[in-house]
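Undergrad:
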Amino acid sequence: MSEVNMSSFSHYMDDEYEKLFRRVNPPRVVIDNDVCKNATVIRVDSANKNGILLQVVQILTDLNLIVTKAYISSDGGWFMDVFNVTGQDGNKVTDEAILGYITKSLGPESCATSPIRAIGVKQTMDHTAIELLGSDRPGLLSEVSAVLTNLKCNILNAEVWTHNARVAAVMHVNDEDTGSAITDPQKLSVIKELLCNVLGVGNKKRVAKTVVTDELTHTERRLHQMLFADRDYDRVSDDDFDEKQRPNVNVVNWSDKDYSVVTIQSKDRPKLLFDTVCTLTDMQYVVFHANIDAEGPEAYQEYYIRHIDGSPVKSDAEKQRVIQCLEAAIERRVSEGLKLELCTTDRVGLLSDVTRIFRENSLTVTRAEVTTKGNKAVNTFYVRGASGCLVDPKTIESIRKIIGNTILQVKGCLDESKSVTQDSPTRSLFGGLFKSRSFVNFGLVKSYS
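Residue numbers for the sequence shown follow the UniProt record's numbering, beginning at 1 and rising by one.
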């Protein structure tokens with residue numbers, strides 16, 4: 001039998017063994033709302049397999065649950081997790097639909113999923129997913145969305161992260177005319193070419209990427225993978241980073257047990273646990289034990305790890321790389337800038353119009369979450385001045401007059417007492433234009449024509 005066939009046969013047998021092991025030892029999920037005064041306790045017992053910790057954390061994170069405490073143990077062939085979680089409001093989780101989903105997703109009915117490392121434009125029945133990676137600069141999101149709008153692509157959802165002068169984005173788009181995924185090879189080729197041109201502007205030293213693939217993966221994990229592969233953890237300069245925000249990461253070897261112990265102290269925030277576990281998993285480290293405490297404003301995480309080959313951290317260089325990569329994983333989601341929330345009726349070209357207005361008012365987007373719920377667009381932007389400075393309140397007031405004070409809300413430290421709470425005469429003047437399809441044609445990037 002050839003080496004390729006033997007490898008495929010071995011992989012097949014491993015999958016069959018794992019399925020048999022799971023049938024004989026099905027996962028068990030226990031949810032308790034009585035044992036802890038201020039949190040719901042979720043215990044997961046399961047046969048151990050590579051990546052299961054990330055799978056569990058990812059499910060809890062996607063449900064927007066806050067992990068306040070956790071204990072993790074996965075020595076030998078068995079895996080046990082205990083999580084104390086709350087909802088976004090800080091209360092216990094009592095919604096039966098959410099509790100049922102957790103049980104179904106992590107219990108005996110759950111199916112094993114393997115990590116996917118795809119890059120590029122990916123297709124499903126109703127949308128095409130476009131992954132972008134390049135050098136960050138003011139106005140980039142505006143240019144990207146203008147290109148897609150000009151090519152009659154409707155942006156349904158998007159997530160954009162910037163870190164260390166790099167930008168990564170995952171965008172879900174469909175064809176404006178058909179309302180479905182883009183399948184025309186020629187159109188896909190044009191999309192890739194134009195977006196690569198936009199991403200490559202101004203920096204010939206760092207590569208810009210847009211590649212086609214049919215594989216799917218979790219959006220936020222994919223963003224971590226893209227920036228990690230791009231080595232965004234190699235700092236361009238420490239001058240632009242606030243040392244107070246930098247997490248305290250330490251790595252020591254526990255020689256008696258042949259583990260490396262990673263400790264992380266940082267300001268707590270949602271999805272912090274996901275970000276660190278995701279990075280350790282993608283760096284090919286296995287978490288054998290962990291303790292998490294995030295009940296106060298500061299979070300403390302302690303991981304006992306080995307490399308997937310069974311060895312602890314071997315050298316000072318490897319230790320430094322682990323520290324840098326975990327720092328970067330935490331910093332990527334640190335939202336620098338003023339938070340703006342936009343909620344309005346969705347339409348083709350909306351993101352292009354909004355980000356063009358930001359660009360024309362010298363604002364740069366440091367992070368963005370774009371979602372479509374039914375016919376409503378719910379978008380969150382974190383913005384700063386184009387040179388990295390704080391945003392002038394007068395600039396925000398001017399932008400809100402153009403877009404609509406009730407449509408664009410400020411969720412930050414700006415004093416809104418001087419802002420007009422109702423639509424101003426300026427808003428009435430531009431209201432028709434903002435809703436108009438013809439508004440999309442203003443301000444397209446010249447190099448695309």
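Ideal Cβ positions, reconstructed from N, Cα and C, are used throughout, including at glycine.
#1: With three or more beta-carbon pairs closer than 8 Å as the criterion, would you say the segment 289 to 304 touches the segment 71 to 90?
#2: In its own chain, which residues sit with a C-beta less than 7 Å from the C-beta of Ser428, not counting the 5 before and 5 after it?
#3: The ligand NAP heavy atoms versus the CB of Ile31: any closer than 7 Å?
#4: I think Arg306 touches Pro312, with their Cβ atoms under 8 Å apart; what is that distance to the nearest whole Å?
#5: Please return the same chain residues whose Cβ sits closer than 8 Å to the Cβ of Ile308, not counting the five positions on each side in sequence.
#6: Between the alpha carbons of Val261 and Ile42, how many angstroms are there, rounded?
#7: In terms of residue numbering, what span does the beta strand (DSSP E) encompassing Gln225 cover?
#8: When you compare only the Cα positions, how much space is there between Thr263 and Glu318?
#9: Which class does Asn250 belong to by DSSP, given the choice of helix, strand or coil?
#10: Using only the alpha-carbon positions, how far apart do Ser424 and Ile102 sit?
#11: Any idea what DSSP makes of Arg332, helix, strand or coil?
#12: To the nearest angstrom, how far is it from the Cα of Cys278 to the Cα of Glu331?
#13: Is it buried or exposed, Pro27, if we count other Cβ atoms within 10 angstroms and call 16 or more buried?
#14: Quickly, what does DSSP pair Lys209 with across the bridge? List them, please.
#15: Is DSSP giving Asn197 helix, strand or coil here?
#16: Sorted by chain position, which residues of the same chain lie with C-beta nearer than 6 Å to Ala229's C-beta, five sequence neighbours on each side aside?
#17: Quick one: give me the first and last residue of the alpha helix (DSSP H) that Gly100 is part of.
#18: Where DSSP assigns a beta bridge to Val322, which residues make up the other side?
#19: What are the boundary residues of the beta strand (DSSP E) that includes Arg384?
#20: Using the beta-carbon count (16 or more within 10 Å), is Glu143 buried or exposed?
#21: I believe Tyr259 touches Ala328 by the beta-carbon criterion, under 8 Å. Please report the beta-carbon distance rounded to the nearest angstrom.
#22: Taking all protein chains shown into account, do 16 or more other C-beta atoms lie within 10 angstroms of the C-beta of Ala97, making it buried, or fewer, making it exposed?
#23: Given Val57, which residues of its chain have a CB within under 7 Å of its CB, disregarding the five upstream and five downstream residues?
#24: Looking at the structure shown, is Thr178 part of a helix, part of a strand, or coil, going by DSSP?
#25: Would you kindly work out how many angstroms separate the C-alpha atoms of Ser362 and Asn375, rounded to a whole number?
#26: Can you tell me whether DSSP reads Leu141 as helix, strand or coil?
#27: Are the beta-carbon atoms of Thr219 and Glu298 separated by less than 8 Å?
#28: Can you check the segment 253 to 329 for any alpha helix (DSSP H) of at least 4 residues that lies completely inside it and give the ranges in chain order?
#29: Compare the Cα-Cα distances from Thr371 to each of Thr364, Cys343, Trp254, Pro393 and report the closest residue.
#30: For Leu350, I'd like the list of residues in its chain whose CB is within less than 7 Å of its CB, leaving aside the five on either flank, ordered along the chain.
#31: Assess, as a yes-or-no matter, whether the segment 162 to 181 is touched by the segment 383 to 403 under the definition of 3 or more beta carbon pairs within less than 8 Å.
#32: Kindly list the residues whose CB is nearer than 7 Å to the CB of Arg117, restricted to its own chain and excluding five residues on each side of it in sequence; keep chain order.
#33: List the residues that DSSP assigns as beta-bridge partners of Asn91.
#34: Kindly give me the distance between the Cβ atoms of Thr128 and Asn174, rounded to whole angstroms, as I take these residues to be in contact under 8 Å.
#35: Could you check what DSSP says for Asn157 in three-state terms: helix, strand or coil?
#36: Can you tell me which of Leu54, Glu131, Val383 puts its alpha carbon nearest to the alpha carbon of Phe79?
TA: Straight from the coordinates:
#1: yes
#2: Here Ser428 scores only 30 on pLDDT, less than 50, and its place in the model should not be relied on; the value that follows carries that caveat. The answer is none, since no qualifying residue turns up.
#3: What this structure holds is no ligand at all, so the ligand NAP is not there to describe.
#4: Contact between Arg306 and Pro312 is confirmed by a C-beta separation of about 6 Å, below the 8 Å threshold.
#5: Asn50, Gln284, Tyr285, Val286
#6: 25 Å
#7: Run containing Gln225: none in the beta strand (DSSP E); it sits in the alpha helix (DSSP H), 219 to 229.
#8: 15 Å
#9: strand
#10: Model confidence at Ser424 stands at a pLDDT of 36, short of 50, so the residue's coordinates are unreliable; what they give is reported in the following sentence. Each residue's Cα considered, the two are about 46 Å apart.
#11: coil
#12: 14 Å
#13: buried
#14: Paired residues: Leu133.
#15: Helix at Asn197.
#16: none
#17: Run containing Gly100: 96 to 106, per the alpha helix (DSSP H) assignment.
#18: Val322 is not bridged to any residue.
#19: 376 to 385
#20: Buried, since its Cβ has 16 or more Cβ neighbours within 10 Å.
#21: At roughly 23 Å, the Cβ-Cβ gap does not stay under 8 Å, so Tyr259 and Ala328 are not in contact.
#22: exposed
#23: Leu273, Phe274, Val277
#24: coil
#25: Cα to Cα, the separation comes out at about 30 Å.
#26: helix
#27: no
#28: 272 to 282
#29: Cys343
#30: Ala377
#31: no
#32: Residue placement at Arg117 is poorly supported in this model, since its pLDDT is 33, which falls under 50; the coordinates are not used for a value here.
#33: Answer is none; Asn91 lacks a bridge partner.
#34: The beta-carbon separation of Thr128 and Asn174, rounded to 7 Å, stays under the 8 Å limit for a contact.
#35: strand
#36: Leu54
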